[in-house]
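Enquirer:
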Amino acid sequence: MLLQRAPSVAAVPVAGRRTSEGRASQKQVLAKLWRELERPGNDVCADCGAPDPEWASVNLGVLLCKACVGMHRALGVHVSVVRSITLDQWDDALLANIQAVGNLKANEFYERDLPSSAKLKPGASTEERAAFIRRKYVDKAFTSSKSRTSSDERVASPVVAREPAMPLRLVDYFLTVERGSRTSDASGMHFLESTYDARLGDRYPADDHADFPLQAESVCPFAFPDGLRLSLQQSPPSRVAFSLTSAQGVRQFVVGIMFWELLSPMEIVGELRPGDEFPEQATSVYTPRCLLLISHWPFLVTFERWLSVLYRISLSSAPLPLERFIGNFVSEVPVPPPGKIAVQFSVADVTIRLTRPPPNALPLADVRLSTLFQCLDLNNVVALFTAALTEQKVLLCSTQSAALVDVAESITALIFPFYWQGVYVPVLPRRLAEFIHSPVPFIAGVSSALLSGPHAIDIPSDVLIFNLDSNEVLMPAADTLPPLPDKSLRKLLDGLRPVIAGLSAPRDIGAVYPFNEHLQPIEKFGETGLLVDESGTSAKTAGNSMSKPSLLRFIRSPKRDLSAPSAPEGSDGLKVDADIVREQFLRFMVKLFCRYRQFIVADGDCRFDRATALRDCPDGHRALLAAVTETQMFERFIRDRCPVSDGARVPDDVRYFDEVIVAKLNRSNFHKHRSTPFLDDTSSAVTTTFVAPLPNHVGIPDDAVYEYVQFPRLKASAFGAPRHVDALIKSTEQRRAVVSTLARRVNNDLMKGRVAPQFQSWERIRRGALAIQTRYRGYRLRARFTALRRCAVFIGQRWRFVRRRRAAFLAQSALHVYLCRAHRALLAHVRSAHVLTGALQTYKSVVRARLVQASVVTLQAAVASLAEIAKRHRALRLIVRVQSRLRMQIQRRRYLVMHARVVSIQAIWRGIRVRRHQLFVIREGIASCRLQLSDLWRQLGSDLQYRSQFWTTLDGPPSYLSWMMHIEEAHRLQAEASALSPAAKALNAERLRVERAQIYVALKKRTSSADRERLFAAAGLTGGHRKKRLSELVWSKAGDEALSASVVLTAIPGGDLMTRRKRERVRSALHATTMSSLKAVVRLQTRVAVLRAEARAAASHNERLSIRNQILLRQARLLAANAAPRTPSLPVSSLADILPSRTGFKPQFIK
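Here the sequence shown stands for residues 1 to 1151, numbered as in full-length UniProt numbering.
#1: By the 10 Å Cβ neighbour count, where 16 or more other Cβ atoms means buried, how is Lys730 classified, buried or exposed?
#2: Which residues mark the beginning and the end of the beta strand (DSSP E) in which Thr1050 is found?
#3: In chain order, which continuous runs of the beta strand (DSSP E) of length 3 or greater are located wholly inside the region 384-418?
#4: To the nearest angstrom, how far is it from the Cα of Val576 to the Cα of Ser398?
#5: With C-beta atoms as the reference, is Phe329 less than 7 angstroms away from Pro298?
#6: Count the other CB atoms within 10 Å of the CB of Arg239; is the residue buried (16 or more) or exposed (fewer)?
#7: For Tyr706 versus Ser314, is the C-beta distance shorter than 7 angstroms?
#8: Could you please give the first and the last residue of the uninterrupted beta strand (DSSP E) stretch that includes Lys202?
#9: Shortest alpha-carbon distance to Leu881 belongs to which of Lys985, Ser942, Asn1109, Leu836?
#10: Using three-state DSSP, classify Arg996 as helix, strand or coil.
#11: So what does DSSP say about Arg641, is it helix, strand or coil?
#12: With a threshold of 8 angstroms, are at least 3 pairs of Cβ atoms found where one atom belongs to the region 438-446 and the other to the region 227-241?
#13: From the DSSP secondary-structure annotation, give me the bridge partner or partners of Leu293.
#14: Rounded to whole angstroms, what's the CA-CA distance from Val1048 to Asp955? Just pull it up for me.
#15: Could you give the C-beta distance for Lys871 and Leu1119, rounded to a whole number, given that I count them as a contact under 8 angstroms?
#16: Among Leu369, Phe142, Gly720, whose alpha-carbon lies nearest the alpha-carbon of Leu120?
#17: Can you round the beta-carbon distance between residue 1158 and Ala727 to whole angstroms, since I take them to be within the 8 angstroms contact cut?
#18: Is DSSP giving Ser246 helix, strand or coil here?
#19: Helix or strand or just coil, what does DSSP make of Ile912?
#20: Excluding sequence positions up to five away, which residues of its chain have a Cβ less than 7 angstroms from the Cβ of Pro429?
#21: With distances taken Cα to Cα, identify the nearest neighbour of Arg507 among Val407, Gln374, Asp208, Val405.
#22: Taking just the CA atoms, how far does Phe809 sit from Arg803?
#23: Would you report the Cα separation of Val301 and Arg582, rounded to the nearest angstrom?
#24: Can you have a look at Val1088 and say buried or exposed, based on whether 16 or more other CB atoms are within 10 angstroms of its CB?
#25: Exposed or buried, what is Met1075 when buried is set at 16 or more other beta-carbons lying within 10 Å of its beta-carbon?
#26: Using three-state DSSP, classify Phe345 as helix, strand or coil.
#27: In the DSSP assignment, find the unbroken beta strand (DSSP E) run with Val463 in it and report its ends.
#28: Return yes when the Cβ of Phe325 is within less than 7 angstroms of the Cβ of Glu271, no when it is not.
#29: Count the other CB atoms, across all protein chains shown, that sit within 10 Å of the CB of Trp909; report buried if there are 16 or more and exposed otherwise.
#30: Ala403 to Ile268, Cα distance in whole Å?
#31: Using 7 angstroms as the threshold, is the C-beta distance between Pro426 and Phe599 below it?
#32: By how many angstroms is the C-alpha of Val309 removed from the C-alpha of Ser761?
#33: Around the Cβ of Ile912, are there at least 16 other Cβ atoms within 10 angstroms (buried) or fewer (exposed)?
#34: Run through DSSP, which three-state label would Ser57 get?
#35: Taking all protein chains shown into account, decide if Lys393 is buried (16 or more other Cβ within 10 angstroms of its Cβ) or exposed.
#36: Mind checking which residues open and close the alpha helix (DSSP H) that includes Phe435?
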């Protein structure tokens, strides 16, 4: 399913991302920049000659390394303005000076008179570098003619480096990668949750090759891209594969098997740390380990098959140590040449054959192409093909790393005649995830866990994501990919659909032994050589070939047809025919670029006339061609096809593609027929098989048996001395660099682990700068706020001190005044004390009299209150009873409604059950009636036409009508059977014979051959006299009624007697149903009238109850109002003291 990053069907650009026009313009600028980096002289620093410059001086037009760019900054922007190639944004104005000058032209001017001995070296000190650059650009000391030397002392122009040669060995290294120490971020974690570093275990050979030294620090992290963890369960072995790119831009393929080994108790104890507890339910702990093969040759499936057999040997008993099998394969199996010779070798009980396609065929692609179509549907495969063809940034994600490698290798094989020029990392480790921010096109694969969850990585806006697990594609916008030509796309899809029609869904793509084949021990090892059958007869090497001095054994075989090459052994040819798939894509590419030679302009500087090509191409091709012609792949494509000097050899892939185009044009009547000698050449067909020697037995006892508990540590002494085997490739093959210069720099930094500081995107740098600015502004605001707060605190403290001091003065003055006034008041109080003493005696006597009077009044009020309380209790009980009556009516109504719903649901369910039972009874009744009818028809010899019409007309969904018609027919036949005479029975038999004869004649003359074959197939008749046998078979035995009815009605079409009978029966049933419905309607109307009368009576009764309830409520309110106490005015405190203690009265409220 093709998804877009937008909620609607038509994708729209996501907010904050560049539009498609902006992406296109930036892509064009980057393409021009990459072309400048590929120019001679621009691949080194203009000052010191260091390789892979990463900076440029815009105004001087030269490319610089990291060491020299600092010196240029020190000169000032009036002398040199520098920009980064990978981190800064470029436009046409900045690139114009680089295109116009370059390192060669600049040095021809600035270093015209510079002696070669005075040239700055890459390892020069900072002082020497600064002095040289100032003299070169500021003083221009080397531009004068005074110090000019001879021409042989001048600096020679850089020469384009020769492309690296392919090694003559099949395998470079055999490695084992195992668990190392814990990572730094796993400190404090349980050992089962910790992540471990991968380290190199064993290797063969022990010494590095001079042309390809082993970089273990680059290989080990890719073997375990998600990190290495211990497990309590032993998982089955799985595939491991990835690709590395050397500093020269040549790929190395790494194929391996990962399996799980049991840790010993001492190893487990060594991993435990203070605080770690071993799980109670666990019995064992397993650690992963990898077996790897590194090679420059892409025999991926073959290498995997050899490793799977090697792992099986470690689980079985072998007559040789494992080291001998490894040394034999790595050192003694040669590389087959293109075509002509195949290499065949044996390991244990398996024979493996290596072949390379001839020069006039598609390049070698030993990869599981079926995985591509298992993970993606055709639309998404085409989208991935278009993304690779237009050099997009492609990110593959899956939970299985094997699927990432299969899909990446498949899509790079399908874009022939192009070769991917961007960065190619099919399996990207977690710690190098920042690589996706690189500014160059890439094809990378990551685990699906990195795209979601708490540790999800930040994905740039211009990356296309292909999810291989869910068959989804995520694009930045709908116009990210150009549309493919409709006609060519339709032909491509039509050609691919039959190939992948029977392809099953992916199970476990990474499984090495899907059916646990490794658990079966190896019973027999090869001893006397290999069996080869090339020409139909078996040839066997005599004796023990390993003791012979000559190791070259050739077996001739007849030439084979190049038009039908066989799939490599062990590939997925049984699932998807890889040759057909690649041929379909090759046809698409031929259709797209069949006229490219017409637009190559060879005017000294070979170039492609893009404007003319886009103008003359069909409208449907223009969008795709416009995008493809801007890529580095197309630049390399045109450069390989530029006119070469006399005697120079044209690459085989160029000749092959050109002659395929000629072969296509030859099929048209509008083009002149031209010969294709290279394509028709069959001299490179595989006619000879080289049988590689078996592992060396020298120094091994005849009765020796080697058994291993698990895959062992390799011993250097057990490998033995490698035997010399002549190379089958007579001339050194040149391997073209598969990536551009800028992509090669990015890949080199990736292999060195320098990803994070270099591939920071501009967006991330901008966000970091904003964060720093925000923190700085916040610090300034906090400092200002702190100073203001300190001033405010000081002012407040000073103001409080002044207020307190003033308050103290006022308090002292007020106290002095108060003391004077208190002294005068005391004297007045002493004089009036005598007067108050006499008045107090009089007041006491008055109070005693009032207390007596108050006690009498309180006693009277208490008696009256008791009477009122009794009245209020009676009124309260009456009100509670009325409320209970009302609540009971409400609950009863709710109950009646709920009861009616439950009854309705029960009725529906009973109706469903009754209908199901009735349908079952009808089916059984019809079946029994049909059996009875079949017997009665045979007894009575009824008319075959009538039987067939009856059987076919009523052979529909079961119903009461069909059942009744079957019963009526049975009763009729029973009545006829009881009255059947022998004479009538003979007449019926004669009539049946005549009808069968008529059926035979109709089958012979009037029935079409298609109908006859259909009837014969249904009856299962073969051989001769089928029409006669079929006519005699009609209505002759039970169980063939449907077939017999079909034969009769096909041979002799009859009338519609049974249809008329069925209509009459339906008409009578409808009449009876209508009359019963009318009676039911009358009864229903009567019932409705009765219910309406009852409803009116109930409404009248409810209205009377409502009036009565209102009267009761009004009386209750009056009683409550009359129950209020009527007492004289008394002090409140006296009544509160009496009521709680003497009467126990508590107020109650009506709810």
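Don't be surprised by glycine CBs; every beta carbon is placed ideally from N, CA and C.
A quick note: this is a predicted structure, and the numbers were derived from the prediction, not measured.
Expert: From the atom records:
#1: exposed
#2: Premise fails: Thr1050 lies in the alpha helix (DSSP H), 1041-1051, not in any beta strand (DSSP E).
#3: 393-398
#4: 21 angstroms
#5: no
#6: buried
#7: no
#8: The sequence given here has Asp at residue 202, not Lys. From DSSP, the beta strand (DSSP E) with Asp202 extends over 196-204.
#9: Correcting the residue type first, residue 881 is Arg in the shown sequence and not Leu. Cα-wise, what sits closest to Arg881 is Asn1109.
#10: helix
#11: coil
#12: no
#13: Phe174, Val255
#14: 15 angstroms
#15: 7 angstroms
#16: Phe142
#17: As shown, the chain starts at 1 and ends at 1151. That puts residue 1158 outside it, with no answer to give.
#18: coil
#19: helix
#20: Pro221, Phe222, Pro225
#21: Gln374
#22: 10 angstroms
#23: 17 angstroms
#24: exposed
#25: exposed
#26: strand
#27: 463-467
#28: no
#29: exposed
#30: 33 angstroms
#31: no
#32: With a pLDDT of 47 at Ser761, under the threshold of 50, the modelled position of that residue is not reliable, and no figure is offered here.
#33: exposed
#34: strand
#35: buried
#36: Segment: none, Phe435 is in no alpha helix (DSSP H) and carries neither H nor E.
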